[in-house]
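Novice: In the working numbering, the protein residues as written are 12 to 250.
A virtual CB, placed ideally from N, CA and C, is assigned to each residue, including glycine.
A quick note: this is a predicted structure, and the numbers were derived from the prediction, not measured.
After the C-alpha cells below, expect a handful of questions from me.
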C-alpha cells in the first residue's frame, strides 16, 4: 500500500463521495454530486486506486440526474416502508451485523458515536438518521483518511499510525461485514430481485453504483490495513 498523503487524500475523496450519495438528496447534496471539479477529483482518485470502473459507473449513473429524479428513488429504497411495513433496503449497520440482538446493536452504535467524538466528526442537526447509517460510517473513514494525509504531510508519524490503526478497527469491526451485505441488498433490490413491493425509478441505478463503489473501496482497504486496535487505547485488538 502507498502510505503517502496523496494516497490517503484519494481514499478520503472516494469515501466522501460515496457517503454523499447515501445522504437524503436535497439541493445541496445533488449540487455537490454534480459539481464538475468534485467529479474530476473523484475520477482521478478512482484511476489512482484502481477503482476507475466503479467510479465511472457511478458518474455515468449520475449523468443528467437531478433532485426531482433522485429524491423519489431514495425514498423508494431507503426512506419509506412498503405496504408490509418493511424497507426495501435498510441503511443501518446493526441490521446486517447484529439482527435482533438489541444490546449488541446498541453497543455497536455507541462505539460508532465514540469514534465520531474521538476524531471530531460532528453530525449535522439536520441529519436525523441513526449513527450507524451507511453515510455516517463512510464519512468516518473519510475523516480518518483525510486526517492521516495531513499527519503524514506534516511529518507526524505517531498520529498517522494511530489513525491507520483506528481506520483498521472501523473496517474490521464495522464496515467489512456491513457494506458488502448492504451493497448486495441494494443491487438485488434495484435489479428487481428483492422483496420490494414497489416499482423503482430509473435513478435508483445511482444507488446501486454507489453501493458497488463503497463495497469495492472497503475491500481495497481491508486487504491492506494494519492490525486493528481498540480506539483510544493504542492496544491491538488481538492482544
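Rounding to the nearest angstrom, what Cα-Cα distance links residue 133 and residue 58 in this structure?
Specialist: Near 30 Å, if we compare the C-alpha coordinates of residue 58 and residue 133.
Novice: So residue 81 and residue 214 are supposed to be a Cβ contact under 8 Å. How far apart are they, rounded?
Specialist: 5 Å
Novice: Drop a sphere of 10 angstroms on the beta-carbon of residue 39, count the other beta-carbons inside from all chains shown, and report buried for 16 or more, exposed for fewer.
Specialist: exposed
Novice: Indicate the three-state DSSP secondary structure (helix, strand or coil) for residue 85 in the structure shown.
Specialist: Helix at residue 85.
Novice: What residue range is occupied by the uninterrupted alpha helix (DSSP H) comprising residue 16?
Specialist: 16-32
Novice: Am I right that residue 236 and residue 162 are in contact with their C-beta atoms under 8 Å? What's the rounded C-beta distance?
Specialist: The Cβ separation is near 16 Å, so there is no contact.
Novice: How about residue 112 and residue 223: are their beta carbons less than 7 Å apart?
Specialist: no
Novice: With burial defined as no fewer than 16 other Cβ atoms inside 10 Å of the residue's Cβ, what is the status of residue 243: buried or exposed?
Specialist: For residue 243, the predicted structure reports a pLDDT of 47, less than 50, and the residue's modelled location is therefore unreliable. A value from the coordinates is still provided. Per the 10 Å Cβ criterion, exposed.
Novice: Helix, strand or coil: how does DSSP classify residue 144 here?
Specialist: strand
Novice: On a Cα-Cα basis, can you pick out the residue from 46, 173, 203 and 88 that is closest to residue 28?
Specialist: 46
Novice: Going by DSSP, what residue range makes up the alpha helix (DSSP H) through residue 98?
Specialist: Element bounds for residue 98: n/a, residue is neither H nor E.
Novice: Any idea what DSSP makes of residue 130, helix, strand or coil?
Specialist: coil
Novice: Note down the Cα distance separating residue 247 from residue 74, rounded to an integer number of angstroms.
Specialist: In this prediction, residue 247 has a pLDDT of 38, which is less than 50 and means its spatial position is unreliable; what the coordinates show is noted afterwards. When rounded, the distance between both Cα atoms is 44 Å.
Novice: Could you work out which residue in 225, 192 and 37 is closest to residue 84 when comparing CA atoms only?
Specialist: Among 225, 192 and 37, the Cα nearest to that of residue 84 belongs to 37.
Novice: Is it the case that the stretch 103-118 contacts the stretch 142-158, given that we only count it when at least three CB pairs across the two stretches are under 8 Å?
Specialist: yes
Novice: Would you mind working out which of 16, 15, 69 and 48 sits nearest residue 227, comparing C-alpha positions?
Specialist: 69
Novice: Below 8 Å on the Cβ atoms is my guess for residue 189 versus residue 108; work out the distance and round it to an integer in Å.
Specialist: 6 Å
Novice: Tell me the residue span of the alpha helix (DSSP H) that contains residue 109.
Specialist: DSSP places residue 109 outside any alpha helix (DSSP H), giving it a letter other than H or E.
Novice: In angstroms, rounded to a whole number, what distance separates the CA positions of residue 191 and residue 218?
Specialist: 14 Å
Novice: For residue 212, collect the residues of the same chain with a Cβ closer than 6 Å to its Cβ; drop the 5 residues on either side in sequence, then sort them by chain order.
Specialist: 83 and 84
Novice: Would the beta-carbon of residue 151 fall within 7 Å of that of residue 197?
Specialist: no
Novice: Which residues mark the beginning and the end of the alpha helix (DSSP H) in which residue 169 is found?
Specialist: 168-181
Novice: Between which two residues does the alpha helix (DSSP H) containing residue 56 stretch?
Specialist: 47-60
Novice: Would you identify the three-state DSSP class for residue 13, choosing helix, strand or coil?
Specialist: coil
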